[in-house]
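Enquirer: Residue 68 is where the sequence shown starts when you use my numbering, and the numbers rise one by one after that.
We treat Cβ as the ideally placed atom computed from N, Cα and C, and that holds for glycine.
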Amino acid sequence: MRIALIIVSVSTETRGFPTMFVCSCNAYRDTQIADAARKGARTACEAYEALGNGPNCGGCLDTATEIVEQVHAARTASHAAFSNAAD
Ligand code: FES
Numbered sequence: 068m069r070i071a072l073i074i075v076s077v078s079t080e081t082r083g084f085p086t087m088f089v090c091s092c093n094a095y096r097d098t099q100i101a102d103a104a105r106k107g108a109r110t111a112c113e114a115y116e117a118l119g120n121g122p123n124c125g126g127c128l129d130t131a132t133e134i135v136e137q138v139h140a141a142r143t144a145s146h147a148a149f150s151n152a153a154d
């Protein structure tokens with residue numbers, strides 16, 4: 068009987084999920100876009116500019132926009148929870 072053991076190393080960075088490339092033109096990962104949003108980028112284009120290059124083909128912008136919106140939604144929910152706890 069043969070037993071195969073496969074160990075997969077996956078970068079989990081800050082969100083606890085594997086990272087993925089979102090933008091193939093600029094090789095931007097989801098974690099980079101999320102970090103740019105946490106540092107103040109309000110849109111995908113602002114996040115890209117903060118990372119050094121604006122979008123090229125634009126094929127990734129829906130996904131990048133979703134990531135930016137998730138960061139800001141999580142931040143808003145966190146602030147609301149903190150505010151409610153302080154009341
Ligand atoms: S895949 Fe992001 S600009 Fe082309």
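Measure the alpha-carbon distance for V89 versus A147 and round it to whole angstroms.
Expert: Each residue's Cα considered, the two are about 29 Å apart.
Enquirer: If you run the structure through DSSP and keep just helix, strand and coil, what is C92?
Expert: In the structure shown, C92 sits in coil (DSSP, three-state: anything other than H, G, I, E or B).
Enquirer: Give the straight-line distance between the Cα atoms of N151 and Y115, rounded to the nearest whole angstrom.
Expert: Answer to the nearest angstrom: the Cα atoms are 34 Å apart.
Enquirer: Using CA atoms only, rank isn't needed, just tell me which of C112, Q137, V135 and E136 is closest to G125.
Expert: Answer by Cα proximity: C112.
Enquirer: Assuming A140 is part of the alpha helix (DSSP H), what are its boundary residues?
Expert: Where A140 is concerned, the enclosing alpha helix (DSSP H) stretches over L128 to A153.
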